[in-house]
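Below: one structure, written as structure tokens.
Residue numbers (the working numbering): 10 to 780.
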């Protein structure tokens with residue numbers, strides 16, 4: 010279908026195209042065109058073996074260079090070398106991206122034409138790589154893959170028929186093909202338009218003096234570049250067009266400007282050198298000691314000497330472009346042998362080459378940004394050339410930077426130079442030495458992470474020897490880490506503050522080591538911990554609570570007997586506590602104690618509330634200091650508690666009787682007979698005698714009640730006599746006698762004329778109700 014121009018319009022309707030694999034194409038060309046008689050294979054084998062060196066050097070070092078498996082097919086492929094077949098295949102994919110040609114048909118035609126041209130030549134002749142350009146040029150012009158201007162210029166080079174001009178034409182064709190190959194990672198086959206690779210592909214006779222041919226190719230390439238037909242990009246060559254010259258002029262202007270901009274060069278140079286060192290530094294992974302604590306290296310480019318943050322190893326990066334080696338060495342010596350700072354000095358080297366690479370890279374980048382993306386084939390080709398120039402300059406700059414940085418010297422504080430082979434090895438050796446300087450006390454806690462994890466678990470579980478996995482059997486508070494934890498806490502610190510201090514210089518201890526010591530010391534009562542104002546009980550502290558807990562050092566310790574005694578004291582106020590909970594339950598104890606004290610006194614006639622200044626002082630203390638003071642007063646406090654509870658109970662029993670007395674006394678106060686009893690009531694109140702023994706309230710209450718009963722009974726008798734006398738007077742009245750008994754009863758009810766009721770005076774409550 011693709012071979013018939015008139016049918017091209019159908020391609021859009023048949024969008025799924027089947028492409029033959031490289032293996033399919035190779036098999037067909039071998040069987041159809043390259044098949045040889047058995048009698049002709051031996052001479053071919055002989056000449057190929059004779060010139061195996063020339064064959065093996067073809068595109069050496071590229072992804073399509075000579076391979077071991079080529080030996081099995083090289084005779085079958087001759088006169089097309091396997092290397093050139095692969096080159097053709099890659100080129101074909103790039104120049105026929107639209108798929109308008111049949112790969113099999115095209116290769117069959119190209120190989121057929123080449124064989125027809127070589128058929129009369131002696132054995133040893135080869136199909137050159139540039140034959141592909143001559144075969145595909147017309148179609149590439151038609152499809153737009155090859156700008157017509159470039160094709161015409163290449164054709165014009167060979168019109169004279171001279172050998173040099175014909176070779177110049179072939180060279181330019183190869184330069185164009187190679188320029189179409191991709192450069193992206195994964196697709197780049199490594200073939201470049203250099204003198205070496207073009208010379209390899211131009212060779213068309215194994216028996217000829219190909220060294221001379223390669224020299225001639227190099228000479229002609231230089232000449233083509235001088236004439237402006239080709240453009241030199243480093244060691245590579247590109248096809249030059251009018252559009253390309255415009256791009257090149259723009260690039261040259263920018264390159265000259267950048268080369269004269271010293272500030273720009275200095276800034277970029279420092280940036281690239283520092284980035285390379287930083288990349289090398291990132292490879293140095295530091296795991297400190299048996300604990301394998303990760304450490305960091307921090308690069309500093311400032312003029313002022315770096316200061317350590319107590320956690321990382323500073324690297325002071327200097328270079329010979331701005332400072333001399335002696336100045337760096339003197340600075341290292343002035344720091345002293347205790348300084349953990351590493352001094353990296355990059356020598357002044359390849360300045361002009363680096364300046365050129367940086368200027369070229371950024372001039373090409375600026376040109377690409379300024380020119381944008383052209384729409385013409387010539388413009389697109391110019392942009393591709395500029396992109397190649399940019400990539401090449403970038404690569405050259407990267408190589409130069411790596412080369413310069415590889416010669417860097419590393420000094421320790423004190424001036425000692427590290428002499429390892431590579432910068433990475435020097436930094437690693439220096440960092441190991443700096444760790445010892447930065448964390449001189451690290452070895453005190455340098456045990457494996459598993460050992461500290463076991464210690465941490467044992468500390469949480471309350472083991473007598475939590476540090477036994479470390480090989481330590483002594484008192485908890487005497488372990489080096491525990492001693493420093495106690496010292497660091499001092500008058501009080503949070504867990505976060507303790508961790509921060511002991512994880513930095515001069516300790517650098519693992520967090521598990523610090524946490525294990527905190528938990529073990531808290532469990533053994535050498536520390537108290539408070540979280541959100543609440544005391545953390547022994548055994549309740551874990552790693553999640555440490556950072557926000559506030560710790561204080563305990564100078565007083567309590568025995569188990571002391572804690573049992575305090576638990577017994579708590580029981581006196583109905584607080585249940587285990588020996589290990591007496592510190593946490595202390596606030597509850599004082600609340601219950603205050604409640605009892607409050608109930609053991611009050612306003613008169615209650616006794617005054619007990620004075621507890623000593624207990625208030627104890628309550629203000631914290632931790633074991635409070636518990637020890639409370640333990641010292643435990644026996645006395647138990648006795649006082651017994652008295653306070655007895656007083657409380659007595660008040661509860663007598664207070665109702667006193668309240669009854671007060672109510673009755675109010676009613677009895679007008680009666681002269683009650684005066685002695687009222688005086689006794691006031692004496693009880695004034696002297697706070699409510700809980701006195703014997704009970705002073707009962708007799709006074711009885712006396713006042715008796716007086717009131719007698720007065721009530723007397724008043725009742727008087728009332729009854731007056732009622733009876735009035736009834737008799739009413740009965741003697743003539744008018745009253747005329748009224749019927751029913752009306753008499755009604756009128757008596759309406760005016761409240763009824764017999765007085767006898768009050769219930771059987772009890773004090775009834776007496777109050779009657780009053």
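A virtual CB, placed ideally from N, CA and C, is assigned to each residue, including glycine.
{"Check": "Own chain, CB closer than 7 Å to residue 720, minus 5 neighbours either side, in chain order", "Outcome": "680"}
{"Check": "Same chain, Cβ closer than 7 Å to residue 532, five either side skipped, listed in chain order", "Outcome": "468, 471, 547 and 548"}
{"Check": "Paired residues, beta bridge with residue 426 - DSSP", "Outcome": "420"}
{"Check": "Three CB pairs or more closer than 8 Å across the segment 299-318 and the segment 261-270", "Outcome": "no"}
{"Check": "Rounded separation between residue 111 and residue 148 - CA only", "Outcome": "Summary for residue 111: the model assigns pLDDT 47, below 50, so the residue's position carries little reliability; its value from the coordinates is reported in the next sentence. Spanning the two alpha carbons is a distance of roughly 12 Å."}
{"Check": "Anticipated Cβ contact below 8 Å, residue 230 with residue 204, distance rounded", "Outcome": "6 Å"}
{"Check": "Own chain residues within Cβ distance below 6 Å of residue 602, not counting five before or after", "Outcome": "582"}
{"Check": "Cβ pair count under 8 Å reaching 3, the segment 332-344 against the segment 358-367", "Outcome": "no"}
{"Check": "Status (buried if at least 16 other CB within 10 Å, exposed otherwise) for residue 760", "Outcome": "exposed"}
{"Check": "Cβ neighbour criterion (16 or more within 10 Å) applied to residue 99", "Outcome": "buried"}
{"Check": "Three-pair Cβ contact test at 8 Å for the segment 592-601 versus the segment 664-677", "Outcome": "no"}
{"Check": "Neighbourhood of residue 132 by C-beta distance below 8 Å, restricted to the same chain and skipping five residues each side", "Outcome": "52, 53 and 56"}
{"Check": "C-alpha distance - residue 728 paired with residue 738, whole-angstrom precision", "Outcome": "16 Å"}
{"Check": "Chain-order list of residues whose beta-carbon lies under 8 Å from that of residue 289 (same chain, five-residue window excluded)", "Outcome": "414, 432, 433 and 436"}
{"Check": "Nearest candidate by alpha-carbon position, reference residue 770, set 723, 420 and 656", "Outcome": "723"}
{"Check": "Helix, strand or coil at residue 768 according to DSSP, with G and I counted as helix", "Outcome": "coil"}
{"Check": "One or two residues paired with residue 543 in a DSSP bridge", "Outcome": "540"}
{"Check": "Environment of residue 12 [buried if 16+ CB atoms lie within 10 Å]", "Outcome": "Its pLDDT being 49, under 50, residue 12 is placed unreliably in this model, and the value from its coordinates should be taken loosely. Flag for residue 12 reads exposed."}
{"Check": "Residues of its chain near residue 525, where Cβ-Cβ distance is below 8 Å and the 5 sequence neighbours each way are ignored", "Outcome": "461, 464, 465, 468, 475, 476 and 490"}
{"Check": "C-beta contact flag for residue 551 and residue 458 at 8 Å", "Outcome": "no"}
{"Check": "Chain-order list of residues whose beta-carbon lies under 7 Å from that of residue 104 (same chain, five-residue window excluded)", "Outcome": "145, 149, 154 and 189"}
{"Check": "Per-residue DSSP class, three states only, for residue 531", "Outcome": "helix"}
{"Check": "Rounded straight-line distance, which links the Cα of residue 91 to that of residue 406", "Outcome": "35 Å"}
{"Check": "Beta strand (DSSP E) segment containing residue 307, residue limits", "Outcome": "302-309"}
{"Check": "Counted within 10 angstroms of its Cβ, other Cβ atoms place residue 408 as buried (16 or more) or exposed", "Outcome": "exposed"}
{"Check": "Any 3 or more C-beta pairs closer than 8 Å across the segment 630-637 and the segment 563-570", "Outcome": "yes"}
{"Check": "Span of the beta strand (DSSP E), counted from its first residue to its last, around residue 325", "Outcome": "321-328"}
{"Check": "Rounded straight-line distance, which links the Cα of residue 240 to that of residue 80", "Outcome": "37 Å"}
{"Check": "Sequence-distant residues of the same chain with beta carbon closer than 8 Å to residue 718, five excluded per side", "Outcome": "770 and 776"}
{"Check": "For residue 507, the nearest candidate out of 357, 236, 41 and 538 (CA to CA)", "Outcome": "538"}
{"Check": "Reduced DSSP category for residue 431 - H, G, I as helix; E, B as strand; rest coil", "Outcome": "coil"}
{"Check": "Residue 561 - DSSP class collapsed to helix/strand/coil", "Outcome": "strand"}
{"Check": "C-alpha distance - residue 134 paired with residue 214, whole-angstrom precision", "Outcome": "4 Å"}
{"Check": "Burial state of residue 699, where buried means 16 or more other Cβ atoms lie within 10 Å", "Outcome": "buried"}
{"Check": "Cβ shell of residue 242 (< 8 Å), same chain only, five flanking positions each side left out", "Outcome": "394, 397, 398 and 401"}
{"Check": "Nonlocal neighbours in the same chain, by C-beta distance under 8 Å from residue 84, ignoring five residues either side", "Outcome": "45, 50, 53, 54 and 57"}
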